[in-house]
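All residue numbers for the sequence shown refer to our numbering, where the first residue is 19 and numbers rise by one.
Backbone N, C-alpha and C define an ideal beta-carbon position, used for all residues, glycine too.
Structure, as structure tokens:
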Amino acid sequence: MTRAYEAIDKIRSEVTTDYAGHQPSAVELSRLRSSLHALRAAASHICDALPLSHCTPELLQAESAILLAATAEVQAFRRRHPLGRRAA
19 MTRAYEAIDK IRSEVTTDYA GHQPSAVELS RLRSSLHALR AAASHICDAL PLSHCTPELL
79 QAESAILLAA TAEVQAFRRR HPLGRRAA
């Protein structure tokens, strides 16, 4: 679980630093997508790493929270860089 939370914190930091004040380039967009993909994969493997008997409702809820956070990152990115606006 700690790794998943660390991953989302890192993504938030990167988004804040990398995309503040300018339009995203294709490379920036690809970087965000890759980071979110990695976060999603980490979250989906929470229970895979443990025996099924240890997959508690709390772990499943935490996984859902991480996935929601990833979705929020994408939404925030899209608000800052609406479709139709091109990189300079």
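Ranking R98, F95 and I64 by CA distance to the CA of I84 puts I64 first. Residue S53 holds the alpha-carbon nearest to the alpha-carbon of R30 among S53, A60 and A59. Taking the Cα positions, R49 is about 27 Å away from L78. In this structure, E91 is the residue among H99, F95, E91 and T35 with its C-alpha nearest to the C-alpha of R58. When the five nearest sequence neighbours on each side are left out, the beta carbons in the same chain lying within less than 8 Å of the beta carbon of K28 are those of S53, in order along the chain.
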